[in-house]
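Single-structure report; data block below.
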Amino acid sequence: MNYKVFYQESISNPAKFWETEANKLDWFSKPSTILSKDDNDYPVWFKDGELNLCYLALDKHIQDGYGDEIAIIYDSPVTQTIKKYTFNQVKEEVAKLAGGLLSLGLKKGDTSVIYMPMIPEATFAMLACARIGVTHSVVFGGFAPHELAIRIDDCKPRVILTASSGIEIDRLIAYKPLVDEALELAEHKPKKVVVLNRKLGARVPFKKYDVDYHALVYGSEEAACVPLKSTHPSYILYTSGTTGKPKGIVRDTGGYATALKFSMEYIYNAKPGEVFWAASDVGWVVGHSYIAYGPLINRNTTLVFEGKPIRTPDASTFWRVIAEHKVATMFTAPTAIRAIKKEDPNGDFIKQYDLSCLRTQFLAGERCDVATLDWYTKHIPVPAIDHWWQTESGWPMIANMIGVEQLPVKPGSAGKSVCGYDIQIFSENGEELPAGEEGYVVIKLPLPPGTLMDLWKDNERFKAGYLNKFPGYYFSGDGGYKDEDGYIYITGRVDDVINVAGHRLSTAEMEEIVSSHHSVAECAVVGINDELKGQIPLALVVVKSGDSIVSFQLEYEIVHLVREQIGAVASLKNVVLVQRLPKTRSGKILRKLLRQIIDGVEYQIPSTIDDVAIIDEIVEVVKEHKIGSFK
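Pasting the structure below:
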């Protein structure tokens with residue numbers, strides 16, 4: 001198949017293109033209206049169709065004779081547990097949990113919050129809610145009570161499903177006390193809290209509103225799948241907002257199912273029956289699309305992994321999982337590969353495992369620097385494919401669609417526009433920019449199926465954030481450029497472009513150069529205020545384990561590298577060594593937060609931060625170097 005022709009079909013006649021793809025699903029009632037618009041002139045897909053995500057993920061495969069195939073592999077190096085579940089077993093537990101939720105008074109149109117670690121029951125809970133039309137909101141397990149309370153008040157769940165604890169590398173985190181505290185803080189009071197006791201030693205204080213998970217499941221009858229409108233909200237997923245108040249991204253049902261099936265086939269090239277591993281968490285959009293729903297809809301075995309790329313027990317974990325479970329396609333964030341590279345720079349662990357089963361490695365969540373890509377392909381000779389998407393899109397927007405035609409990889413680029421996404425690069429004035437010129441990444445409406453429907457109960461914020469800046473287009477909030485061949489390069493959030501003495505410079509480009517230094521494990525370059533030049537770049541660098549380079553030598557060499565490749569105009573003079581960088585739990589470096597700290601402006605620590613203690617460490621280092629507002 002030819003990518004160019006296939007892509008053009010999706011842009012020139014979107015309704016016909018996506019009707020063909022939707023017909024690959026088993027609908028209870030096939031849609032006759034393929035593409036329409038809502039009151040905001042925003043696309044609505046398959047408006048009058050009816051289907052069910054849980055049915056497509058489980059029941060259909062059982063009816064087709066695949067009930068005894070493995071649906072889920074649970075691999076937990078932190079508890080030293082491996083467990084496999086067939087489609088029959090998953091369907092039985094999910095259907096009984098759905099029946100239990102109905103017995104607690106939930107009904108189609110209600111909402112629930114799922115606050116669980118990376119265990120199979122987290123996916124069971126999601127599927128059970130989808131089965132009966134309850135809109136779920138997964139909140140990353142371990143989030144602070146205040147943040148959980150904000151989400152409870154926003155989506156007003158009738159029930160919360162949680163577990164007794166999650167496990168980090170070196171500690172047990174009791175979830176139930178966090179849930180109880182959140183419920184004290186929240187104005188909205190859910191009727192029940194369903195608690196899975198993992199019996200790992202965490203404190204599980206009993207409250208009157210508590211219900212035991214196992215008692216609920218094993219005491220309930222199986223519930224059937226409820227036919228749902230294509231436009232039924234399948235879930236709400238909160239993402240950080242610029243105001244500090246989380247945005248509740250709302251996903252539909254029919255468009256989402258269509259997009260997931262399409263992407264598994266044409267982007268990931270995953271064949272039914274193969275093992276697909278997205279090394280993410282159900283608290284993130286990747287976990288929704290490519291742990292819980294996408295692989296199962298495509299009849300792939302999906303991996304639920306409770307661990308980290310390093311220290312569970314070491315940097316060999318990913319390779320052990322791939323070899324042991326015969327993973328064909330893997331998806332992770334570049335930050336995970338960088339962490340492994342830092343611990344095992346020569347790839348010694350990789351040599352211990354037979355990775356011949358692995359066909360493709362996908363990377364997303366942040367830009368993949370060339371040094372990381374080169375390290376990976378040097379040690380594992382399979383295509384390593386960067387691609388780009390957002391919580392809002394729900395599935396990839398820019399990729400190398402290897403299920404259509406595998407195009408050459410251009411390091412630094414996320415690939416070309418995915419079918420359905422008419423991606424353009426705009427100037428501040430809304431004019432399309434020529435190849436090579438950096439601007440705003442926008443997508444012409446209609447967006448394809450599976451993308452966000454709205455923000456939960458906040459349509460004005462939805463329009464202000466995504467639609468009003470460039471009427472007729474979705475504003476991604478990211479900057480980038482296209483080359484002459486149509487490859488797209490994402491340079492980061494638009495506020496990651498800095499203005500040095502009138503020159504617009506990409507901090508992403510500087511990071512590329514800094515990370516190419518042989519001593520650098522990872523880095524962040526941010527623009528900080530400067531009285532003379534407006535902004536100047538500052539590099540914060542983590543060196544590789546065991547590297548003994550002294551700080552002034554590293555600074556000298558990196559400054560020279562940047563001058564050599566960008567020029568003196570870059571004005572990079574300060575390179576600061578840090579032990580680690582502040583990141584979200586999905587691996588994104590919090591560059592905006594770093595900039596605010598160094599500039600001495602008021603900042604709000606995002607709820608998505610992986611470890612709050614890092615902030616104090618950064619402040620101390622910056623004070624010591626007398627940089628920015630700490631001069």
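Mapping of the sequence shown onto full-length UniProt numbering: position 48 corresponds to residue 48, and the numbering continues sequentially without gaps. Glycine is no exception: its CB is placed at the ideal position from the N, C-alpha and C atoms.
Beta-carbon proximity list for residue 419, same chain, < 6 Å, skipping 5 on both sides: Sequence index remark: in the sequence shown, residue 419 carries index 419 (1-based). For residue 419, same chain residues with a beta-carbon under 6 Å away, outside a window of 5 residues either side, are 7, 10 in chain order.
Cross-strand partners of residue 478 (DSSP beta bridge): Along the sequence shown, read from residue 1 onward, the residue named residue 478 stands at position 478. Note: residue 478 sits in a beta bridge opposite 493.
Unbroken beta strand (DSSP E) run spanning residue 535, endpoints: Position 535 of the sequence shown, counted from the first residue, corresponds to residue 535. Counting along the chain, the beta strand (DSSP E) containing residue 535 begins and ends at 534-543.
Cβ-Cβ separation, residue 165 to residue 202 (assumed contact under 8 Å), whole Å: Stepping through the sequence shown from its first residue, residue 202 is reached at position 202. Stepping through the sequence shown from its first residue, residue 165 is reached at position 165. Between residue 202 and residue 165 a beta carbon distance of about 3 Å is seen, short of the 8 Å cut, so the two are scored as contacting.
Given 8 Å, three or more beta-carbon pairs between the segment 419-431 and the segment 503-515: When C-beta atoms of the segment 419-431 are compared with those of the segment 503-515, fewer than three pairs fall below 8 Å, so the two segments do not count as touching.
Other residues of its chain near residue 383: CB distance less than 6 Å, five sequence neighbours each side excluded: Start at 1 with the first residue of the sequence shown, and residue 383 comes out as number 383. Here the set comprises 360.
Beta carbon of residue 526 nearer than 7 Å to that of residue 594: Working through the sequence shown from its first residue, we reach residue 526 at position 526. Working through the sequence shown from its first residue, we reach residue 594 at position 594. Taking 7 Å as the Cβ cut-off, residue 526 and residue 594 qualify as a contacting pair.
CB of residue 395 within 7 Å of CB of residue 450, strictly: For the purposes of this step, residue 395 is identified with residue 395 of the sequence shown, where counting begins at 1. For the purposes of this step, residue 450 is identified with residue 450 of the sequence shown, where counting begins at 1. Taking 7 Å as the Cβ cut-off, residue 395 and residue 450 qualify as a contacting pair.
Uninterrupted beta strand (DSSP E) stretches inside the UniProt domain "AMP-binding enzyme C-terminal" (509-588) (no shorter than 3 residues): Listed in chain order, the complete beta strand (DSSP E) runs (minimum 3 residues) inside the UniProt domain "AMP-binding enzyme C-terminal" (509-588) are 520-530, 534-543, 574-577.
Where the beta strand (DSSP E) containing residue 330 begins and where it ends: Position 330 of the sequence shown, counted from the first residue, corresponds to residue 330. Here the beta strand (DSSP E) through residue 330 covers 327-332.
N- and C-terminal bounds of the beta strand (DSSP E) containing residue 192: Taking the first residue of the sequence shown as 1, we reach residue 192 at position 192. Counting along the chain, the beta strand (DSSP E) containing residue 192 begins and ends at 192-196.
Chain D contact for residue 187 (CB, 7 Å cutoff): This model lacks chain D altogether, as it is built from one protein chain only.
Beta-carbon contacts of residue 405 that lie in its chain and below 7 Å, excluding the five residues immediately before and after: Numbered from 1 along the sequence shown, position 405 holds the residue referred to as residue 405. Cβ neighbours of residue 405 beyond the five flanking positions: 1, 2, 3.
Strand pairing of residue 645, partner residues [DSSP]: Residue 645 falls outside the range modelled here, since the chain spans only 1 to 631, and no answer is possible.
For residue 35, the first and last residue of its enclosing alpha helix (DSSP H): The residue you call residue 35 lines up with position 35 of the sequence shown. First-last for residue 35: 35-37, but that is the beta strand (DSSP E), not the alpha helix (DSSP H).
Inter-residue spacing [alpha-carbon to alpha-carbon] between residue 668 and residue 422: As displayed, the chain neither begins before 1 nor continues past 631, which places residue 668 out of reach and without an answer.
Alpha carbon of residue 81 to alpha carbon of residue 312, nearest angstrom: Locating residue 81 in the sequence shown gives position 81, where the first residue counts as 1. Locating residue 312 in the sequence shown gives position 312, where the first residue counts as 1. For residue 81 and residue 312, the distance between alpha carbons rounds to 12 Å.
Span of the beta strand (DSSP E) around residue 276: Here the question's residue 276 lines up with position 276 in the sequence shown. Start and end: 275-278.
Burial state of residue 468 (16 or more Cβ within 10 Å): Against the sequence shown, residue 468 aligns to sequence position 468. Looking at its Cβ environment, which holds fewer than 16 other Cβ atoms inside 10 Å, residue 468 is exposed.
Sub-7 Å separation of residue 114 and residue 172 beta-carbons: Indexing the sequence shown from 1 puts residue 114 at position 114. Indexing the sequence shown from 1 puts residue 172 at position 172. Against a cut-off of 7 Å, the Cβ pair of residue 172 and residue 114 comes out as no contact.
Residue 148 and residue 124 closer than 7 Å at C-beta: For the purposes of this step, residue 148 is identified with residue 148 of the sequence shown, where counting begins at 1. For the purposes of this step, residue 124 is identified with residue 124 of the sequence shown, where counting begins at 1. No, the Cβ-Cβ distance between residue 148 and residue 124 is not below 7 Å.
Residue 318 and residue 300 closer than 7 Å at C-beta: By 1-based counting over the sequence shown, the position of residue 318 is 318. By 1-based counting over the sequence shown, the position of residue 300 is 300. No, these two residues do not count as a Cβ contact at 7 Å.
Neighbour-count burial assignment, residue 206, 16 or more Cβ in a 10 Å radius: Here residue 206 corresponds to residue number 206 of the sequence shown, with the count starting at 1. So residue 206 ends up on the exposed side.
Strand pairing of residue 500, partner residues [DSSP]: In the sequence shown, counting from the first residue as 1, residue 500 sits at position 500. Paired residue(s): 503, 534.
Three-way DSSP call (helix, strand, coil) for residue 287 in this model: Residue mapping note: residue 287 aligns to position 287 of the sequence shown, counting from 1. Here residue 287 sits in helix by DSSP.
DSSP beta-bridge partners of residue 415: Your numbering for residue 415 matches position 415 in the sequence shown. BP columns for residue 415 point to 488.
Residue 216 to residue 414 span [Cα, whole Å]: If you number the sequence shown from 1, residue 216 lands on position 216. If you number the sequence shown from 1, residue 414 lands on position 414. The straight-line gap from Cα to Cα measures roughly 45 Å.
Where residue 317 falls: helix, strand or coil (DSSP): Here residue 317 refers to the residue found at position 317 when the sequence shown is read from its first residue. Here residue 317 sits in helix by DSSP.
Nearest neighbour of residue 412, chosen from 310, 445, 364, 144 [CA to CA]: Start at 1 with the first residue of the sequence shown, and residue 412 comes out as number 412. Per the Cα distances, 364.
Residue 358 versus 324, 369, 370, residue with shortest Cα-Cα distance: Working through the sequence shown from its first residue, we reach residue 358 at position 358. Residue 324 is the option with its Cα nearest to residue 358.
Completely contained beta strand (DSSP E) runs for the UniProt domain "Acetyl-coenzyme A synthetase N-terminal" (3-56), where each covers 3 or more residues: Segments of the beta strand (DSSP E) lying fully in the UniProt domain "Acetyl-coenzyme A synthetase N-terminal" (3-56): 35-37, 43-45.
Nearest to residue 340 (by Cα), restricted to the options 545, 225, 441: Here residue 340 refers to the residue found at position 340 of the sequence shown. Each of 545, 225, 441 was checked against the Cα of residue 340, and the nearest Cα belongs to 545.
Those residues which DSSP pairs with residue 352 across a bridge: Translated into the one-based positions of the sequence shown, residue 352 becomes position 352. The bridge partners DSSP lists for residue 352 come to none.
DSSP three-state assignment for residue 629, whether helix, strand or coil: For this step, residue 629 is matched to residue 629 along the sequence shown. Correct three-state label for residue 629: helix.
Opening and closing residue of the beta strand (DSSP E) in which residue 63 lies: For the purposes of this step, residue 63 is taken as the residue at position 63 of the sequence shown. Unbroken run through residue 63 is the alpha helix (DSSP H), 60-63; no beta strand (DSSP E).
Residue(s) in a DSSP beta bridge with residue 301: As a first step, residue 301 is located in the sequence shown; it is residue number 301 there, counting from the start. Per DSSP, the beta-bridge partners of residue 301 are 275.
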